[in-house]
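Accompanying notes for the structure given below.
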Amino acid sequence: MTNHNKQIFKLSEINRTQKPRIEGITAIIDTGQGLPTTKDVIESAANYIDYCKFGWATWLIQPKNLLKKKLKLYHSHRIKTLSGGSALEAAIIIGKTEAFLETLKTLGFTAIEISTGVVNISSQEKSELIKKAKQLGFQTVITEVGRKIKTEDAQLKISDRIKQIQTDLDSGADYVTIEARESGIGIGPYDEEGKVKEPFIEEIVAKIPSQKIIWEAPLKSQQLWLITRFGPNVNLGNIRPTDVIPLETLRIGLRGDTMTKFLAKK
Amino acid sequence: MTNHNKQIFKLSEINRTQKPRIEGITAIIDTGQGLPTTKDVIESAANYIDYCKFGWATWLIQPKNLLKKKLKLYHSHRIKTLSGGSALEAAIIIGKTEAFLETLKTLGFTAIEISTGVVNISSQEKSELIKKAKQLGFQTVITEVGRKIKTEDAQLKISDRIKQIQTDLDSGADYVTIEARESGIGIGPYDEEGKVKEPFIEEIVAKIPSQKIIWEAPLKSQQLWLITRFGPNVNLGNIRPTDVIPLETLRIGLRGDTMTKFLAKK
Amino acid sequence: MTNHNKQIFKLSEINRTQKPRIEGITAIIDTGQGLPTTKDVIESAANYIDYCKFGWATWLIQPKNLLKKKLKLYHSHRIKTLSGGSALEAAIIIGKTEAFLETLKTLGFTAIEISTGVVNISSQEKSELIKKAKQLGFQTVITEVGRKIKTEDAQLKISDRIKQIQTDLDSGADYVTIEARESGIGIGPYDEEGKVKEPFIEEIVAKIPSQKIIWEAPLKSQQLWLITRFGPNVNLGNIRPTDVIPLETLRIGLRGDTMTKFLAKK
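So the sequences go chain by chain: A, B and C.
Heads up, the first sequence is in our numbering, so the first residue is 24 and it goes up one at a time.
Heads up, the second sequence is in our numbering, so the first residue is 24 and it goes up one at a time.
Heads up, the third sequence is in our numbering, so the first residue is 24 and it goes up one at a time.
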């Protein structure tokens, strides 16, 4: 809340976490934008962004100089950075896992995503990757559970997802992301229209503390459902950069959908 | 129309209003963008933007300095500015109506939106707000009719909407906006697929001069329907900044959909 | 592929064409953006853009100075430029064809699109336009087959489309675009949900070399289908500027959807 409105809206009274956030995380997905767009989102929304994921392997085919500038800009605003897990999966496929982990560290990413959306590695191999990432000094290790191809994801039982989440956390992961891709359609907790499959989510949070989960929630209807269910400080990922401000108003009750729920009546 | 094409396309012959427009308004919705994006839209489309609404309460959680710069930029291009009505509604809820109206004026907004999308205030209270806004010197007072929550909006009879529109105009409102939210889906004049509910609109314009209405029309299909029905100078709101140029071509017959309708054959 | 990853991902081994591309074209559609956004896409994706189409007649209503700057910027990064075909069609409708062709050349467009999405001209008249454009010195002549209004397009038989494509190529067109509009919904090769009508495409490529076709494919699902069917070097058009990097990762197997298909396992 900026100073000019502090007197009117006592939003500090709302139970919304502040940076650096452990809970109430907003993680954006950067799908390959340039510097003007990056500056735009930083200028307008930096206070409400905790992580920036450079979506899947987009940054791999862009100028190295652009990557450097973007990392620097995000870091100077206390936004942690990570590569999408697909880049690491590609390295796994071609047998260059170790080298690529070190490349990520050398380039300056401060966090890391370890996913198995495409590759078929064992739970134990994933655990070793988590430990290796920890050793290399990444500040935050985020794993992802779920598959990128819809038919494969549909075959993944929720009980197996829960087991994998638990193993990831036991191995040292700081958070586990629930795969919903950039679209949020027909995958993980969302049906073909993007609607929330409530039993899917309830079954997970019956076993896993919801503060350890980052829900990929690209659509507003998904964000609204999760905020209504878990409160303003639910962890949300795959947020489009231009949706950060709209999302934050939704979290704190400054948008019609949540206004009567969160804004204290006098 | 820029000079290099004046000789070829005599678009000045089309009955399209010019700035400052009383009729044929395009009102954009800014959902929290930064300065680079704002400069982009100004540079590329300022001639075709009459109002910029800072969507709901997005600006409230952004740096004050950004707000100041954006207001200045819009004003220097003869674009009137207003806060989304939700911010005022939030102030009403917490009992700070008067103070907030003055804040809006002090910050430099030149127009104002008075809505009842969430709050439950009487028609008379709304009339008093309109009069108060007029007294404070806002150049344009725009009210909004409709509810933000779909189920509540669905219960609002068209006859009651018409009555409210008439009361708002009688109280001094310059225009009345028909609520359709940022999405244009399943609310007001649009069904769950975003399609126009024609009887809804026809019933309203049977009683209210269409020049006094600003139709929220975020989707191209909605813009097309309204332009086809009311002509190039229908008032349209909640236009995304990047859609202004596409919309303007639709208005004047320089897009496939309206070309044979508006472009004079020789 | 930038140098920092060359050692790890030997993407040069993938059969992806490089600039200047004859095959494997990505053609973006600019729907009226300003300079900051243009610089953003150039900085982040210039290597993967071969053509920029200034959508339909958007540029006609924008400042001439903006057009000049954008043309210069695109050309300096070896991106060919063309006006959307609708602008020329509008000139045909008002009887100013010749003058407009010369205007396009004078303004500096390096390529041209000749379409019959709205106008009704004979095959022979279209052939003469192609030849005239060639004479005027446009580097690339792209024609378009299909109609802009859905009901008209639905009436156009595939056999007639093929006949028109052949005539266009025989008259000197370098490529033929299959009309799918900016939306990719309910037109040409796509149904009302944007899904590919496979027989439509198969019937065309049974008669026409696919390298001569540019498929308008604004949606990711369409791009994925076409890449899976025709390989990384299929020609794609009406790509949104912000989708160039995501598309390129899809082409070369650096996104989940195509990773196991294109990335060589070691």
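All C-beta atoms in this analysis are idealised placements derived from N, C-alpha and C, irrespective of residue type, glycine included.
Being a predicted model, the structure only gives us computed values, none of them experimental.
Boundaries of the alpha helix (DSSP H) in which residue i is found, first to last residue
i, result
"LEU96 (chain C)", "87-99"
"LYS62 (chain C)", "58-68"
"ASP183 (chain C)", "181-193"
"THR120 (chain A)", "120-130"
"THR251 (chain B)", "243-253"
"GLU221 (chain B)", "221-228"
Outcome for residue i when other beta-carbon atoms lying within 10 angstroms are tallied against a minimum of 16
i, result
"GLN178 (chain A)", "exposed"
"ILE250 (chain B)", "buried"
"ARG170 (chain C)", "buried"
"THR49 (chain B)", "buried"
"SER182 (chain C)", "exposed"
"ILE102 (chain A)", "buried"
"ALA156 (chain C)", "buried"
"THR61 (chain C)", "buried"
"GLY131 (chain A)", "exposed"
"GLN158 (chain A)", "exposed"
"GLY118 (chain A)", "exposed"
"ASN88 (chain C)", "exposed"
"GLN187 (chain C)", "buried"
"THR129 (chain A)", "exposed"
"GLU46 (chain B)", "exposed"
"GLU215 (chain A)", "exposed"
"LYS289 (chain A)", "Any reading at LYS289 (chain A) is ruled out, since the residue's pLDDT is 46, under 50, leaving its predicted position unreliable."
For residue i, the three-state DSSP class (helix, strand or coil)
i, result
"GLU202 (chain B)", "coil"
"TRP238 (chain B)", "strand"
"ASP266 (chain C)", "helix"
"LYS284 (chain C)", "helix"
"ASP298 (chain C)", "This structure does not reach residue 298 (chain C), given that chain C is present from 24 up to 289, and the question cannot be answered."
"PHE161 (chain B)", "coil"
"GLU216 (chain C)", "coil"
"LYS33 (chain B)", "coil"
"GLY260 (chain A)", "strand"
"LYS155 (chain A)", "helix"
"THR307 (chain A)", "Residue 307 (chain A) is absent from the model: chain A starts at 24 and stops at 289."
"ASN26 (chain A)", "Legend: pLDDT at ASN26 (chain A) = 45, less than 50; position of this residue unreliable, value from coordinates given subsequently. Looking at ASN26 (chain A) - three-state DSSP - the assignment turns out to be helix."
"GLU167 (chain A)", "strand"
"LYS289 (chain C)", "Because the pLDDT at LYS289 (chain C) is just 45, under 50, the model does not fix this residue reliably, and the point stays unresolved."
"THR277 (chain A)", "Looking at the sequence shown, residue 277 (chain A) is not Thr but Leu. Three-state DSSP puts LEU277 (chain A) in coil, outside helix and strand."
Proximity below 8 Å, CB of residue i to CB of residue j
i, j, result
"GLY209 (chain C)", "GLU167 (chain C)", "no"
"LEU58 (chain B)", "LYS93 (chain B)", "yes"
"THR174 (chain A)", "ASP197 (chain A)", "no"
"GLN245 (chain B)", "TYR213 (chain B)", "yes"
"ASN258 (chain A)", "ILE236 (chain A)", "yes"
"GLY107 (chain C)", "SER109 (chain A)", "no"
"ASP63 (chain C)", "LYS42 (chain C)", "no"
"ALA134 (chain A)", "LEU111 (chain A)", "no"
"ILE84 (chain C)", "THR120 (chain B)", "no"
"ALA113 (chain C)", "ALA68 (chain C)", "no"
"PRO241 (chain C)", "ILE262 (chain C)", "yes"
"THR265 (chain C)", "PRO269 (chain B)", "no"
"GLU225 (chain C)", "ILE201 (chain C)", "no"
"ILE37 (chain B)", "PRO255 (chain B)", "yes"
"ASP191 (chain B)", "LYS149 (chain B)", "yes"
"GLY211 (chain B)", "ALA203 (chain B)", "yes"
"ILE31 (chain C)", "PHE161 (chain A)", "no"
"VAL267 (chain A)", "ILE51 (chain A)", "yes"
"LEU286 (chain B)", "ILE116 (chain C)", "yes"
"LYS76 (chain A)", "GLU151 (chain A)", "no"
N-terminal and C-terminal residue of the beta strand (DSSP E) that residue i is part of
i, result
"GLU112 (chain A)", "Not the beta strand (DSSP E): GLU112 (chain A) falls in the alpha helix (DSSP H), residues 108-116."
"SER138 (chain A)", "134-138"
"ALA50 (chain B)", "49-53"
"LYS76 (chain C)", "74-77"
key: Contact list for the stretch 181-202 of chain B against chain A, Cβ threshold 8 Å   = Identification of residues in the stretch 181-202 of chain B having a C-beta nearer than 8 Å to some C-beta of chain A yields an empty set.
inquiry  = Please list, in chain order, the residues of the stretch 65-90 of chain A that have any C-beta partner in chain C closer than 7 Å.
reply    = The stretch 65-90 of chain A vs chain C, Cβ under 7 Å: TRP79, ALA80, THR81, LEU83, ILE84, GLN85, PRO86, LYS87, LEU89.
task = Closer than 9 Å, Cβ to Cβ, to anything on chain C: give me those residues from the stretch 257-277 of chain B, in chain order.
result = THR265, ASP266, VAL267, ILE268, PRO269, GLU271, THR272, ILE275, GLY276, LEU277
request  = Give the residues from the stretch 44-56 of chain C that approach chain B closer than 9 Å (Cβ to any Cβ), ordered along the chain.
outcome  = THR54, GLY55, GLN56
Near-chain C residues of the stretch 105-125 of chain A - C-beta to any C-beta below 8 Å = Residues SER109, ALA110, GLU112, ALA113, ALA114, ILE116, ILE117, GLY118, LYS119, ALA122, PHE123.
inquiry  = Give me the subset of the stretch 140-169 of chain C whose CB atoms are less than 9 Å from a CB atom of chain B, sorted by chain position.
reply    = GLY140, VAL141, VAL142
query = Mind listing which residues of the stretch 245-257 of chain C have their C-beta closer than 7 Å to chain A's C-betas, in chain order?
reply = none
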